[in-house]
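Quick note on numbering: my numbering labels position 113 of the sequence shown as 113, and the sequence is numbered without any gaps.
Here the structure is laid out as structure tokens; the discussion comes afterwards.
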Amino acid sequence: MTLARARSVSLSGVEGHVVDVEAHIGNGLPGFSLVGLPDAALAEARSRVRAAVANSGQGWPQRKLTVALSPATLPKAGAHFDLAIAMAVLGAAQAVPQDRLDDVVLLGELGLDGRLKPIRGTLPSVLAAATAGRTRFVVPEPNVDEARLVAEVEVFGVRSLRQALALLCGDELPDEPPYPVEDDPAGAEHSVLPRSDRLAGLDLGEVLGQAGARKAVEVAAAGGHHLAMSGPPGAGKTMLAERMPALLPDLDQREALEVTAIHSVAGLLPSHAPLVMRPPFCDPHHSASLPAIVGGGARMARPGAVSLAHRGILFLDEAPEFRPTVLDALRQPLEHGEVVIARAAGTARFPARFQLVIASNPCPCGRAYGKGLYCTCTPQARSRYQHRLSGPIKDRIDIMQLVEPVARAEMVADQSLVEPSAVVAERVRAARQRQADRYAHDPWTLNAHVPGYELRRRWPPEPDALPAVESQLSSGWITARGADRVLRLAWTLADLAGRDRPGRQDVFTALTLRLGREPFRRDAGRRRGASPAAPAPPAVAGEPTTRRWSR
């Protein structure tokens, strides 16, 4: 037989498609043609596969060889097609029975000596093939544990082309030296994910004198809300952000598979821990480019920080220092929970349902509006710095929290009141369980994900709680989107307190968190016998209202 067919998987983002790899040996001058929209790495498989087959003790057909990747209109990228191409060629040369190739999916990159190398994207590839009805897989040995995360599939791990050939032919597997032990996963040194040992052991109880900021972090963790903290350097913004992951519960099985698939495509999955169970925490440097944050690539799109933070936290320290184009690119993932990357070769989609946590200084020198600190920036410099975060981005952030410097007396007094992360995490867990029970028959899991019209229609707060929101909406200090976010915050506050429905105080506290200040109470002036005055404009995050309007 001069025609054989093997199967592999092509990835577009985290979505996979089963690809038929057909090899035909025909008459003509010896040559090797590879067709089916391969990228540069895949086109080079002709040299890799030929050398691997020869160094594995198999003869290479000295005739015209054509390998087609079907469907032909689907762009294909990556070196993981090597094993399927080699087996299709050997099948056409009658070295492998075709019936042994019909029910197996082959994944693996070949070295010139025939050794199989670990690959990216094993989990999403196996998931896609299993969804298409495939149940048997051959993968490089280091990727076996990752592939076996998919239920009801049979996975075989091999170290070389010789072992894969013996496995498919039913022969005894030849001995091969084991893979070298690596301390870090491939590419980990270039990851935007922090080393786990750096965040291990960090406790919220170490942040003293910031009771309001600690409460804001708790509310954000309980409901999945976006948080912006502003204040001078050394006030504790980064400390609060880095301790927030300790408050989040473990991922469930579905969420863990989603996160693991993204990290697998990015090549950041450790071989010793194939399943990511903890919410990820990404803190890219402010010099990061647009593709590094959002994702992208010349031909094959790769996930960026917003996708690597899926089901976790994306922390932007010194946020105004990021490029405005990078910050504005966060609008779509913040709103829709996914990133769509369009290229000439195709479109890739990556999940990006993350919590955005922003830390910023009030001005370039960082000393404006602090207690006893002197700012050397001009008013124009302060204004330009604060407006590097555009209005649409600020409107998508739920909580605006001012983090002011702490005096020694405040830190000493707070030592007896501060709670460790374990205590706060238990309240967060209970609040999230209440949300899971409430949305058990709906596609949402957290308050931050529920559309505003659904909250108003199906889960409205108490009737006397809405006038405060309507007043701020009519005055123009919050938008319609902001009003929806206030309702979501109110529900989170009620869940933390164990109440079945948000009350007036919950809505008022939610407005305070949203505006970064205490909202104006229209009825307070009436009780004092004074006529209502116009409410003070909301402060910019990090800029107290009194100082702003006294200059």
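Note that the Cβ used here is the ideal one computed from N, Cα and C, for glycine as well.
Predicted model, so just to flag it, every value in this text is computed and none were measured.
Same chain, Cβ closer than 6 Å to residue i, five either side skipped, listed in chain order
{"i": "Trp491", "result": "Asn447, Pro502"}
{"i": "Met596", "result": "Absent from the structure is residue 596, since the part of the chain shown begins at 1 and ends at 551."}
{"i": "Ala79", "result": "Ala41, Glu109"}
{"i": "Gly271", "result": "Looking at the sequence provided, one finds Ser at residue 271 rather than Gly. Excluding positions up to five away in sequence, the list reads Pro142."}
{"i": "Pro233", "result": "Gly366"}
{"i": "Ala54", "result": "Trp60"}
Nearest-angstrom Cα separation, counted from residue j out to residue i
{"i": "Leu513", "j": "Asp398", "result": "8 Å"}
{"i": "Lys382", "j": "Asp395", "result": "According to the sequence shown, residue 382 is Arg rather than Lys. Each residue's Cα considered, the two are about 20 Å apart."}
{"i": "Ala510", "j": "Leu493", "result": "8 Å"}
{"i": "Leu314", "j": "Arg243", "result": "13 Å"}
{"i": "Leu473", "j": "Glu218", "result": "26 Å"}
{"i": "Gly346", "j": "Gly296", "result": "12 Å"}
{"i": "Ile293", "j": "Pro284", "result": "8 Å"}
{"i": "Met229", "j": "Met400", "result": "6 Å"}
{"i": "Ala221", "j": "Ala483", "result": "20 Å"}
{"i": "Pro249", "j": "Gln415", "result": "26 Å"}
{"i": "Arg504", "j": "Leu466", "result": "8 Å"}
{"i": "Val276", "j": "Arg148", "result": "14 Å"}
{"i": "His263", "j": "Leu269", "result": "6 Å"}
{"i": "Gln433", "j": "Glu426", "result": "11 Å"}
{"i": "Gln163", "j": "Ala235", "result": "59 Å"}
{"i": "Leu11", "j": "Tyr179", "result": "26 Å"}
{"i": "Ala305", "j": "Gln253", "result": "22 Å"}
{"i": "Ser289", "j": "Phe322", "result": "9 Å"}
{"i": "Glu518", "j": "Gly212", "result": "13 Å"}
{"i": "Ala129", "j": "Ala436", "result": "31 Å"}
{"i": "Pro379", "j": "Pro405", "result": "21 Å"}
{"i": "Arg458", "j": "Ala413", "result": "44 Å"}
{"i": "Phe81", "j": "Ala273", "result": "25 Å"}
Under 8 Å between C-beta atoms of residue i and residue j
{"i": "Ala348", "j": "Gly133", "result": "no"}
{"i": "Pro140", "j": "Gly16", "result": "no"}
{"i": "Asp495", "j": "Ala440", "result": "no"}
{"i": "Leu37", "j": "Leu74", "result": "yes"}
{"i": "Leu316", "j": "Pro245", "result": "no"}
{"i": "Gln58", "j": "Ala95", "result": "yes"}
{"i": "Thr122", "j": "Glu146", "result": "yes"}
{"i": "Met300", "j": "Asp39", "result": "yes"}
{"i": "Leu90", "j": "Leu165", "result": "yes"}
{"i": "Val158", "j": "Arg7", "result": "no"}
{"i": "Phe350", "j": "Pro303", "result": "yes"}
{"i": "Arg214", "j": "Leu202", "result": "no"}
{"i": "Val259", "j": "Arg343", "result": "no"}
{"i": "Ser390", "j": "Asp328", "result": "yes"}
{"i": "Pro460", "j": "Val507", "result": "no"}
{"i": "Gly114", "j": "Ala52", "result": "yes"}
{"i": "Glu553", "j": "His286", "result": "This structure cannot speak to residue 553, because the chain is shown only from 1 to 551."}
{"i": "Arg388", "j": "Pro291", "result": "no"}
{"i": "Val424", "j": "Leu251", "result": "no"}
{"i": "Gly31", "j": "Thr2", "result": "no"}
{"i": "Val326", "j": "Arg120", "result": "no"}
{"i": "Val155", "j": "Val144", "result": "yes"}
Own chain residues within Cβ distance below 7 Å of residue i, not counting five before or after
{"i": "Tyr385", "result": "Pro320, Cys363, Pro364"}
{"i": "Ile85", "result": "Val21, Ala45, Val49, Val67"}
{"i": "Ala309", "result": "Pro280, Cys282, Phe354"}
{"i": "Cys375", "result": "Cys363, Cys365, Arg367, Ala368"}
{"i": "Met411", "result": "Leu208, Gly209"}
{"i": "Ala43", "result": "Leu34"}
{"i": "Trp444", "result": "Val450"}
{"i": "Leu29", "result": "Lys64"}
{"i": "Arg481", "result": "Asp395"}
Whole-angstrom C-beta distance between residue j and residue i, which should lie under 8 Å
{"i": "Ala359", "j": "Val339", "result": "Actually they do not touch by this definition, with Cβ atoms about 23 Å apart."}
{"i": "Leu107", "j": "Val9", "result": "7 Å"}
{"i": "Arg116", "j": "Ser160", "result": "Looking at the sequence provided, one finds Leu at residue 116 rather than Arg. 6 Å between Cβ atoms; contact."}
{"i": "Val357", "j": "Ala241", "result": "5 Å"}
{"i": "Val403", "j": "Lys237", "result": "5 Å"}
{"i": "Ala72", "j": "Ala4", "result": "No, Ala72 and Ala4 are not in contact; Cβ-Cβ is about 18 Å, not under 8 Å."}
Chain-order list of residues whose beta-carbon lies under 8 Å from that of residue i (same chain, five-residue window excluded)
{"i": "Leu127", "result": "Gly16, Val150, Leu257, Ala261"}
Query - Given 8 Å, three or more beta-carbon pairs between the segment 482-490 and the segment 211-230 - result: yes
Requested in this report: Report yes or no: do three or more beta-carbon pairs, one from the segment 272-281 and one from the segment 326-341, lie closer than 8 Å?
Outcome: no
Report task. Check whether the segment 22-36 touches the segment 66-83, counting contact only when three or more Cβ pairs, one atom from each stretch, lie closer than 8 Å. Result -> yes
Report task. Inspect the CB distances between the segment 165-173 and the segment 117-137 and report whether three or more fall short of 8 Å. Result -> no
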